[in-house]
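*Asks:* After the C-alpha cells below, expect a handful of questions from me.
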Ligand code: GRG
C-alpha cells in the first residue's frame with residue numbers, strides 16, 4: 002500500500018515538472034498561430050507522460066540528476082504526441098476523441114492536424130539538442146539523436162505502425178503480432194531507457210540489459226492496453242471477451258485467451274526485472290514502474 006502511494010507521488014511530481022518545462026522547448030515566434038495552437042492543443046492535453054518518466058527514472062537509478070534528461074523527455078513527448086495525432090486521422094484509426102478531448106483533426110481539420118504532427122516531429126530533434134546547454138558532451142548528444150531516429154522512425158515506431166496497417170483484417174501469427182508490438186509500442190520506451198542510460202554513462206552490458214528490460218515492459222504495456230480495450234468495450238457494450246466482435250482485431254487476448262495472456266504478462270515483467278537486477282544499478286523505481294505498467298488503468 003505504502004509503496005504504491007510513493008510511486009503515485011513520484012509519477013505526479015515528474016509529470017508536473019515535465020509539463021512545466023514543455024512550453025520552454027517550443028518556438029516562441031515565427032510559427033503561424035493556428036499551427037502553434039494546434040501543436041499545443043495536443044501536446045498540453047495531458048496523458049500519463051510515462052515515456053519522459055522512464056528517462057528520469059533511469060537517470061535516477063544510476064544516481065544522476067534526473068533533470069539532465071529534460072530536453073530528451075520533452076522531445077520524446079513531442080514525438081509520442083505527433084504519433085497519436087497522425088494515428089487518430091481518418092486515414093488511420095479515424096478516432097474522434099483522445100485524452101478526453103476531440104482529436105486534433107476534429108478540432109482543427111485534417112490538413113492542420115497533419116502539419117501539427119509534422120511540426121512536433123521536427124521540433125523534437127531541435128529539442129534534443131538542448132542537451133548541450135546542460136553540459137552534455139556532443140558525442141553523447143549525437144548518440145541520443147541517432148537512436149531517437151532509429152527507434153521512432155521507419156526501423157522503429159513508424160515501421161511498426163506500417164506493419165500494423167498491413168496486418169489489419171488478417172489473422173496474425175503470434176510472431177507477427179510481437180513484431181508489431183515491439184516496434185509500434187516498445188521501441189519508443191526502449192529509446193527512453195537507453196537515452197537515460199547514455200546520459201548516465203552506462204557501459205555496453207548495462208545498455209543491453211536495459212534494452213531487454215525496455216522491450217519486455219514495452220510488450221507488457223501494449224498487452225495491458227489491449228486488455229484495457231477489451232474490458233472497456235466489455236463494460237460499455239456488455240460484450241463477452243472472446244466474442245466475434247471482441248476478437249475481430251489481432252491482439253494477445255484474441256489470439257491466446259485471457260488466462261494465457263495474463264501468464265505472458267507476468268512472464269514479461271519477471272524477465273524485465275531479472276535483466277534489470279543484473280545491471281548493478283538501483284532498481285527500486287524501475288521495478289515499481291514495471292509493476293505500474295501492468296497494473297494501471299487508463
Ligand atoms: C502514426 C507513426 C505513427 C505511429 C502511431 C502511438 C501509435 C503509433 C499509435 C497509437 C495507437 C496505439 C494503441 C499505440 C500503442 C502505443 C500506445 C499504447 C499508445 C498510447 O500511449 P499512452 O497510453 O498514452 O502512453 P497517453 O495518452 O497516456 O500519453
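Residue numbers (the numbering used here): 2 to 299.
The beta carbon of each residue, even a glycine, is placed where N, CA and C say it ideally should be.
#1: Quick check: the Cα distance between residue 217 and residue 18, rounded to an integer number of angstroms?
#2: Which whole-angstrom value is the C-beta distance of residue 304 and residue 193, which I expect to be below 8 Å?
#3: Less than 8 Å between the beta carbons of residue 189 and residue 280, yes or no?
#4: Of the residues 226, 258, 110, which one's Cα is nearest the Cα of residue 86?
#5: Enumerated in chain order, which unbroken segments of the alpha helix (DSSP H) with a length of 4 residues or greater are wholly contained in the stretch 149 to 214?
#6: Cα-Cα, which of 285, 152, 224 is closest to residue 80?
#7: Quick one: what's residue 102 bridged to in DSSP?
#8: In terms of alpha-carbon separation, which member of 230, 42, 11 lies closest to residue 104?
#9: Would you call the stretch 81 to 101 and the stretch 45 to 53 touching, i.e. three or more CB-CB distances under 8 Å?
#10: What would DSSP say about residue 25, mapped onto helix, strand or coil?
#11: Once you ignore the five residues that flank residue 220 on each side, which residues in its own chain have a CB closer than 8 Å to its CB?
*Replies:* Per the coordinate set shown:
#1: As a working mapping, residue 217 is identified with position 216 in the chain shown. As a working mapping, residue 18 is identified with position 17 in the chain shown. Roughly 27 Å separates the two Cα atoms.
#2: The structure shown does not extend to residue 304, since the chain spans only 2 to 299, so no value can be given for it.
#3: Translated into the one-based positions of the chain shown, residue 189 becomes position 188. Translated into the one-based positions of the chain shown, residue 280 becomes position 279. Contact flag unset, no.
#4: Against the chain shown, residue 86 aligns to sequence position 85. With distances taken between Cα atoms, residue 86 lies closest to 110.
#5: Runs found: 158 to 168, 175 to 182, 188 to 200.
#6: Counted from its first residue, the chain shown places residue 80 at position 79. The option with the nearest alpha carbon to residue 80 is 152.
#7: Taking the first residue of the chain shown as position 1, residue 102 is located at position 101. Checking the DSSP bridge columns, you'll see residue 102 partnered with 99.
#8: Sequence index remark: in the chain shown, residue 104 carries index 103 (1-based). Of the listed residues, the one whose Cα sits closest to residue 104 is 42.
#9: Note that the stretch 81 to 101 touches the stretch 45 to 53; at least 3 beta-carbon pairs, one per stretch, sit closer than 8 Å.
#10: Stepping through the chain shown from its first residue, residue 25 is reached at position 24. If DSSP states are grouped into helix, strand and coil, residue 25 belongs with the helices.
#11: Locating residue 220 in the chain shown gives position 219, where the first residue counts as 1. Closer than 8 Å at the Cβ level, and outside the excluded window around residue 220, lie 179, 182, 183, 186, 187, 269.
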